[in-house]
Amino acid sequence: MVCIKFLAFSIWIVSISYCEDVCYKDKCQNIKEYFRYLFYDVNPPEGFNLRRDVYMRMAVLAHKLKYSKNPVLNNFLLVLPPWSHLVHWSYNEYPEHIPWSKFFDISSLNLFAPVIELHEYFSQLRSNKYTKLIIDDIYILQHFEDMFETGNFEERWKIEKCLQPPKLRFFYYTNITSNNVKCLSFHGPATKLSEVLAQTQARTVLFEHAEVALHDTFGDKIYWQARRSMRFNTHLREIANEYRKKYLNSSDENDNTFLALDWRYDKPKRNALGGPYLSIHLRRRDFLRGRADEVPDLNSVAEQISDKLGELQLQKVFIATDTSQKEYDELKSKLIPKYEVYRYIASEDVEDEYFEGGVAIIDQILCSYARYFMGTSESTFSFRIQEEREILGFPTTTTFNVLCKDKNNCKTPSVWKIVY
Ligand SMILES: Nc1nc2c(ncn2[C@@H]2O[C@H](COP(=O)(O)OP(=O)(O)OP(=O)(O)O)[C@@H](O)[C@H]2O)c(=O)[nH]1
Ligand SMILES: *[C@@H]1O[C@H](CO)[C@@H](O)[C@H](O)[C@H]1NC(C)=O
Ligand SMILES: *[C@@H]1O[C@H](CO)[C@@H](O)[C@H](O)[C@H]1NC(C)=O
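For the sequence shown, this note's numbering gives the first residue as 1, with consecutive numbering after it.
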């Protein structure tokens with residue numbers, strides 16, 4: 001049997017049952033065909049930009065597994081969870097299953113961590129006549145129940161009873177199941193999950209609630225490599241570039257915002273100039289409720305914008321916001337005719353192709369290339385723009401600024417500088 005051959009040739013320690021899983025057709029003779037798959041998912045209410053942060057933790061794990069000294073860990077591919085039913089995006093009863101390629105450049109991600117889209121993995125299974133994905137091991141991450149009571153914050157993990165009844169539907173698909181779902185109390189960085197992976201021979205492993213795992217080292221070189229690898233989808237970048245040129249007189253030539261084609265060749269710099277406009281990220285909607293004492297009213301926003309435009313001697317402001325057209329128009333009316341006010345409105349084609357997520361990314365790109373940026377305090381959406389500007393090489397003073405609640409209540413955001 002092919003499997004036996006495989007065992008004889010290979011340096012891998014594998015059980016027979018495991019082998020049956022792997023050795024369809026004659027492929028097992030080729031060691032390169034041997035992959036293990038690391039799936040993860042995030043708590044449903046988390047937003048797009050927090051999910052990007054969880055991706056980075058898992059990508060650093062996948063990166064370190066690839067180069068691990070323990071060879072049983074080297075062949076993991078990180079499976080990118082499709083985007084469905086995000087709380088801030090409108091959706092109907094059917095899950096959208098938007099692939100990552102709509103938003104990000106997958107080949108660029110791959111230069112940091114070995115990743116694969118779920119639909120690609122599905123096609124592999126289907127071409128081998130599988131109609132279902134049965135995940136070998138599922139671990140639902142949860143916090144240690146006693147952690148906050150006892151103040152025991154040491155790094156540890158343990159299979160324990162589930163604090164919540166486990167849900168048995170994964171990624172909103174009906175054809176993914178598992179016979180082996182466990183709850184894993186966990187405290188530590190995502191890379192500590194390699195200890196869990198080292199003691200299983202499972203070929204497919206899913207970590208649910210991956211947000212429970214923390215960053216390995218927040219803000220170090222590896223963190224920024226993972227972050228830099230998250231280049232946006234090329235077409236979204238082109239759309240943003242056209243808008244910059246057409247409305248904001250902004251281009252990489254004028255603004256000194258060139259990046260290497262491949263993020264690995266980016267060089268540290270601080271001389272980006274940015275286009276001749278101020279950019280604002282004005283987060284409203286659930287922030288008005290959740291953080292009422294931090295969100296300024298529109299009069300104050302208009303005042304802060306015109307003060308800053310005056311100070312910078314600029315005419316144009318680009319506003320990215322999740323607020324209604326009505327509120328945007330009200331803000332705009334407070335700034336014109338003295339200043340030019342811009343908001344990106346996607347064409348129907350762009351909406352249909354890239355959804356609200358793609359439109360939000362275009363807003364983020366446009367904020368990134370401005371001469372000066374002011375965000376919303378504590379918004380993850382604003383954090384991602386700040387990171388993008390660090391990558392582009394802006395002086396930090398033009399980036400780490402937020403709209404104040406009012407003149408006497410101004411929070412200075414933390415400055416997280418890029419590290420190479
Ligand atoms: N187009 C656009 N959409 C926005 C803007 N701000 C927020 N949104 C939308 O609101 C969502 C919520 O923001 P996210 O950053 O994804 O959510 P989060 O990760 O919880 O982050 P925060 O709530 O901002 O801390 C985004 O995914 C967008 O769909 C904006 O300026 N422009
Ligand atoms: C599971 O179902 C989805 C949606 O119907 C389909 O696209 C996918 O290929 C299926 N997976 C397998 C392994 O058949
Ligand atoms: C656009 O920017 C360039 C270079 O900064 C400048 O020379 C030109 O006058 C600007 N054009 C307009 C219409 O403002």
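Cβ atoms here follow ideal geometry from the backbone N, Cα and C, with glycine treated the same way. Note that the structure is predicted; figures quoted are calculated from it, not measured.
Of the residues the options, the one placed nearest residue i, counting alpha carbons only
i, options, result
"Gln386", "Ser279, Ile239, Val79", "Ser279"
"Ala190", "Gly310, Ile239, Lys69, Val54", "Val54"
"Trp89", "Pro44, Glu155, Trp157, Gly290", "Pro44"
"His235", "Asn256, Tyr354, Gln313", "Tyr354"
"Val212", "Gln199, Tyr139, Trp224", "Tyr139"
"Leu261", "Asn110, Asn249, Arg231", "Arg231"
"Tyr342", "Leu109, Tyr223, Ser333", "Ser333"
"Glu145", "Asn110, Arg156, Thr204", "Arg156"
"Ala346", "Leu86, Arg291, Lys326, Gly358", "Gly358"
"Gln199", "Ser178, Lys245, Asp286, Lys158", "Lys158"
"Tyr243", "Arg270, Lys269, Tyr277", "Tyr277"
"Arg283", "Phe39, Tyr40, Tyr67, Asn49", "Asn49"
"Gln325", "Arg285, Asp307, Pro268", "Arg285"
"Tyr328", "Asn299, Phe39, Glu348, Asp307", "Asn299"
"Leu197", "Gln304, Leu111, Asn70, Met147", "Asn70"
"Asp307", "Leu109, Tyr372, Glu348, Asn249", "Tyr372"
Distance, residue j Cα to residue i Cα
i, j, result
"Gln315", "Ala360", "24 Å"
"Lys411", "Lys129", "57 Å"
"Leu125", "Thr321", "42 Å"
"Glu208", "Phe400", "33 Å"
"His119", "Tyr34", "19 Å"
"Pro413", "Val402", "7 Å"
"Ile336", "Ile106", "41 Å"
"Ala59", "Ala113", "6 Å"
"Lys167", "Glu96", "19 Å"
"Gly375", "Gln313", "19 Å"
"Phe170", "Ile135", "10 Å"
"Tyr247", "Glu340", "10 Å"
"Asp41", "His63", "18 Å"
"Lys102", "Gly188", "31 Å"
"Asn409", "Val301", "13 Å"
"Asp252", "Lys245", "10 Å"
"Lys221", "Lys338", "44 Å"
"Ile418", "Phe394", "10 Å"
"Phe76", "Lys66", "7 Å"
"Asn233", "Tyr344", "18 Å"
"Ser68", "Leu331", "53 Å"
"His281", "Ser127", "46 Å"
Assumed close pair residue i, residue j - CB separation to whole angstroms, cut-off 8 Å
i, j, result
"Leu214", "Arg52", "Between Arg52 and Leu214 the Cβ distance is about 15 Å, and since that is not below 8 Å, they are no contact."
"Glu294", "Ser377", "5 Å"
"Leu259", "Phe318", "With a Cβ gap of about 20 Å, Leu259 and Phe318 do not count as contacting."
"Ala370", "Gly275", "6 Å"
"Ala272", "Asn256", "5 Å"
"Leu193", "Leu61", "6 Å"
"Val79", "Tyr37", "5 Å"
"Asp137", "Ala226", "With 8 Å as the limit, Asp137 and Ala226 do not qualify as a contact, their Cβ atoms being about 25 Å apart."
"Pro82", "Pro99", "6 Å"
"Ser368", "Glu388", "4 Å"
"Lys467", "Thr204", "The displayed coordinates of the chain run from 1 to 420. Any statement about residue 467 would go beyond what the structure contains."
Residues of its chain near residue i, where Cβ-Cβ distance is below 6 Å and the 5 sequence neighbours each way are ignored
i, result
"Trp12", "Because Trp12 sits at a pLDDT of 35, beneath the cut-off of 50, its placement in the model cannot be relied upon, and the point is left open."
"Tyr172", "Ser84, Pro95"
"Trp416", "Gly219"
"Ile356", "Residue identity differs from the one stated: residue 356 is Glu in this sequence, not Ile. Taken in chain order, the residues that qualify are Trp89."
"Phe287", "Val295"
"Lys269", "Gly393"
Contact set for residue i: own chain, Cβ-Cβ below 7 Å, skip 5 residues either direction
i, result
"Arg228", "Trp263, Asp266, Ile391"
"Tyr121", "Tyr37, Val79"
"Glu46", "Glu211"
"Pro296", "Leu403, Cys404, Lys405, Asp406"
"Thr217", "Tyr223"
"Tyr91", "His85"
"Arg291", "Glu378"
Same chain only: Cβ atoms within 8 Å of residue i, ignoring 5 sequence neighbours per side
i, result
"Gln142", "Glu160, Cys162, Leu163, Gln164, Cys183, Leu184, Ser185, Phe186, His209, Val212"
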